[in-house]
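Report on the following structure.
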Amino acid sequence: MIKKVLVVGAGQMGAGIAQVCAQAGLEVLLNDQKEEAVQKGLGSIDKLLSRSVEKGRITEEEKKATQNRLTTSTGLQDAGDCDLVIEAVVEKMEVKKTVFRELDGIVPQHAILATNTSSLAITEIAAVTKRPDQVIGMHFMNPVPVMKLVEIIRGLQTSDETFQAIEDLTQRLGKVPVSAKDFPGFVSNRILMPMINEAIFAVYEGVATVEDIDTSMKLGMNHPMGPLTLADFIGLDTCLYIMEVLHEGFADSKYRPCPLLKQYVQAGWLGKKSGRGFYNYD
Ligand code: CAA
Ligand code: NAD
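Heads up: the sequence shown begins at 807 in our numbering, then just goes up one per residue.
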C-alpha cells in the first residue's frame, strides 16, 4: 500500500503531482534542489486549492488537511520512509540517471521509483538502479490537477506488481491510466510534439503569423490551445529535448527539431515559465 510519496522536482509538473497526491490522502514530500522552486510550488498549490474552496469543490478544512500532508525539502536525505518516488526534474537523461542512482541508495527496498519523463527510455533509467523491476514511467499531463490522463510505461524489466501498483494509484488519484511501450516519446508525445514542431516550422518559414497559426488550430480543429501557445505552456526547452529524443531514437529526419525552436531555447526564451516564448508573459 502506497502511503508516502516523494516528488523530486517542484517545477510545474512536480507541484501539480504533489497536489493531486496530497488531495488523494497521501503523505507527500516535495523536493527540489532550489528552495525558490519549492516555495513557488507551494504557492501555486495554495492558489489552486483556494480556487477549489471558492468554487465549493472542497472545504477550507479539506484545503488545510491537504496542505498538512505536504512537507518539503531541498535534499534527498529525508526520503528514507517513502513508498514511492515520482521524479519530475528536467528532461535530460544524465540528470535523471544521477537522481535515480542517488535515490536507489536512500529509499526503502520496497519503494517504487517512477519517472514523469515525457520521452526518455525507462529501461535506460532503470539500469542505473539495483531495482530495475521497481522502476516505471508515470507520465502525467500538464496542468496535472486538470488533465485526466496518466500514461504508464513499463521498462524491459518492470514487474507486473510494479505496474499494478502504479495503475491502482493512478485510479486512486482520480486519473485514467493508459499503457504504452518503452519507445521514444511513448504515445502522447510521439503524436503531439511533431505537430508542435511543424507549427514552429510554419513560423520559421513565414507561412503565417504566430497568432494565425494558433487560431487555425483552435478554431479549425477545436484544439483548446493553439500549438504555439501550448508549446509556451509546456516549456520550449522541454519541447526541444523531446524532439531530440524522437530524432535520435528513431533516426528519422521527420523528427528534426526546428532550428527556430533551438534558437529560442539558446536565447533563454523558454515560454511562459521564463516570461517569453512565442508570446510575451509580463
Ligand atoms: N494549473 C491548474 N489549473 C489550471 C491551469 C493551470 N495551469 N490552467 C487552467 N486551470 C484550470 C482553471 O483553474 C479552471 O478550473 P476551474 O474554473 O474549474 O477552477 C479550468 O482549468 C479551466 O480553465 P480556464 O477556463 O481558465 O481555461 P480553459 O477552459 O482554456 O482550460 C486548459 C485551460 C485546461 C489548460 C485548456 O486550455 C487545455 O486543455 N489546454 C491544453 C492542455 C494540454 O494539451 N495539455 C497537455 C500538454 S502535453 C503534456 O502534458 C505532456 C508532455 O509530456 C509535454
Ligand atoms: P520545470 O523546468 O518546470 O521544473 C523542473 C524542476 O526540477 C526545477 O524546479 C528544477 O529546479 C528541478 N530540478 C532539476 N534538477 C533537479 C535535481 N537534481 N533534484 C531536484 N530537483 C531538480 O519542468 P517541468 O515542466 O515540471 O518538467 C519536469 C519533467 O516532467 C520533465 O521530465 C518533463 O519532460 C516532464 N513533463 C513535462 C510536461 C510539461 O508540460 N511541462 C508534461 C509532462 C511531463
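Backbone N, C-alpha and C define an ideal beta-carbon position, used for all residues, glycine too.
How far does the beta strand (DSSP E) with residue i in it extend, from its first residue to its last?
i, result
"Pro1000", "Taken as a continuous stretch (DSSP letters only), Pro1000 belongs to no beta strand (DSSP E), being part of the alpha helix (DSSP H) at 994 to 1010."
"His945", "941 to 946"
"Ser985", "982 to 986"
"Leu962", "From DSSP, Leu962 is part of no beta strand (DSSP E); its letter is neither H nor E."
"Thr904", "Careful: Thr904 lies outside any beta strand (DSSP E), inside the alpha helix (DSSP H) at 899 to 910."
Is residue j closer than 8 Å to residue i when the C-beta atoms are compared?
i, j, result
"Leu1052", "Gly991", "yes"
"Leu1042", "Leu1067", "yes"
"Gln818", "Lys1079", "yes"
"Ser832", "Val844", "Ser is not the amino acid found at residue 832; the sequence shown has Leu there. It is not a contact, given that the beta carbons lie outside the stated cut-off."
"Leu882", "Glu908", "yes"
"Val834", "Leu890", "no"
"Ala920", "Glu893", "yes"
"Met1023", "Gly1012", "no"
"Leu979", "Ala821", "no"
"Ile942", "Gly961", "yes"
"Val950", "Phe906", "no"
"Asp1018", "Gly1077", "no"
Comparing the CB of residue i with every heavy atom of ligand 2, is any distance shorter than 7 Å?
i, result
"His945", "yes"
"Lys853", "no"
"Thr1035", "no"
"Thr923", "yes"
"Met819", "yes"
"Lys1078", "no"
"Ala843", "yes"
"Glu967", "no"
"Lys840", "yes"
"Glu897", "yes"
"Val905", "yes"
"Asn874", "no"
Shorter than 7 Å, the distance from the beta carbon of residue i to the closest heavy atom of ligand 1, or not?
i, result
"Ser994", "yes"
"Met1031", "yes"
"Arg857", "yes"
"Thr878", "no"
"Pro1063", "no"
"Thr865", "no"
"Leu832", "no"
"Asn1003", "no"
So the candidates are the options; which of them puts its Cα closest to the Cα of residue i?
i, options, result
"Ala824", "Ile1048, Arg857, Glu866, Ser879", "Ser879"
"Lys840", "Gln829, Ile1019, Ala816", "Ala816"
"Phe946", "Thr1015, Leu1076, Ile928, Val984", "Val984"
"Ile1002", "Thr1021, Leu1036, Gln977", "Leu1036"
"Ala871", "Val905, Ala894, Glu842, Ala828", "Ala828"
"Lys810", "Lys1060, Leu855, Lys853, Asp887", "Asp887"
"Val956", "Leu962, Asp910, Glu973", "Glu973"
"Val952", "Asp1058, Met807, Ile851", "Ile851"
"Asp1058", "Pro1000, Gly1032, Gly1083", "Pro1000"
Could you spell out the range, first to last residue, of the alpha helix (DSSP H) harbouring residue i?
i, result
"Ala1037", "1033 to 1040"
"Ala932", "928 to 932"
"Thr1021", "1016 to 1027"
"Leu919", "Not the alpha helix (DSSP H): Leu919 falls in the beta strand (DSSP E), residues 918 to 921."
"Lys1068", "1065 to 1072"
Output the residue ranges of the beta strand (DSSP E) runs that lie fully inside the stretch 815 to 897 and measure 3 residues or longer, sorted by chain position.
-> Counting only runs of 3+ residues, the beta strand (DSSP E) found wholly inside the stretch 815 to 897 occupies 833 to 837, 876 to 879, 890 to 893, in chain order.
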